[in-house]
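If you count the sequence shown from 1, you need to add 449 to reach our numbering. Below is one structure; the comments refer to it alone.
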Amino acid sequence: MTYKAVLNNPSQLNEIIHSDYLNFIKDKVQTIRIDEGVFKLYTIDELCQLVTIDNKKMSTIYSLKAYVETLREFLGNFTYDQNGNPFTLLRLALSPVIGSENGNPIFVDYKDKNTIYIFHPDGGDITKTTLTLNKIIKNEY
Numbered sequence: 450m451t452y453k454a455v456l457n458n459p460s461q462l463n464e465i466i467h468s469d470y471l472n473f474i475k476d477k478v479q480t481i482r483i484d485e486g487v488f489k490l491y492t493i494d495e496l497c498q499l500v501t502i503d504n505k506k507m508s509t510i511y512s513l514k515a516y517v518e519t520l521r522e523f524l525g526n527f528t529y530d531q532n533g534n535p536f537t538l539l540r541l542a543l544s545p546v547i548g549s550e551n552g553n554p555i556f557v558d559y560k561d562k563n564t565i566y567i568f569h570p571d572g573g574d575i576t577k578t579t580l581t582l583n584k585i586i587k588n589e590y
């Protein structure tokens, strides 16, 4: 699978995630509560920062791509949410990470650009939340 993994400058974030969200995180560290966890939302600088996962270097916002390459060996082409609904690994790889809690990234679904999921690296599964990007922007969480 070939895809972009490194941002060359922060202005490229506008192509990946809604500009209203980028304005929301621009000036201060944000945290949100999802179920029992408190997730830190990454700043613009942190979204662009290079990280190494499974010996692959990429920008934080693209970090699910590194997990997908490893997961494909064990899971095939799908992972599943808490209700057993399939979620393609390609869709996971294309979904932007926006924060994390204890090593569990939260991401925006690439397909609808709004639904928030939690990725669990230890098992490769995901949890669909009731939270959306729109709710975060409007402080409705």
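A virtual CB, placed ideally from N, CA and C, is assigned to each residue, including glycine.
Separation of the CB atoms of Leu456 and Ile493 is rounded to 10 Å, and the pair is thereby denied contact status at 8 Å. When rounded, the separation of the alpha-carbon atoms in Ser468 and Pro545 is 14 Å. Residue environment for Ser460: exposed (fewer than 16 other C-beta atoms within 10 angstroms of its C-beta).
Looking at the DSSP output, Thr564 sits in a beta bridge with Thr581. For Arg482, same chain residues with a beta-carbon under 8 Å away, outside a window of 5 residues either side, are Phe488 and Tyr590 in chain order. Every alpha helix (DSSP H) of 4 residues or more that sits fully in the segment 482-524 is shown, in chain order, as 493-497 and 513-524.
When Asn588, Pro570 and Ile565 are compared, the shortest CA-CA separation from Thr578 is found for Ile565. Contact check for Asp574 against Thr528 passes: the beta carbons are separated by less than 9 Å.
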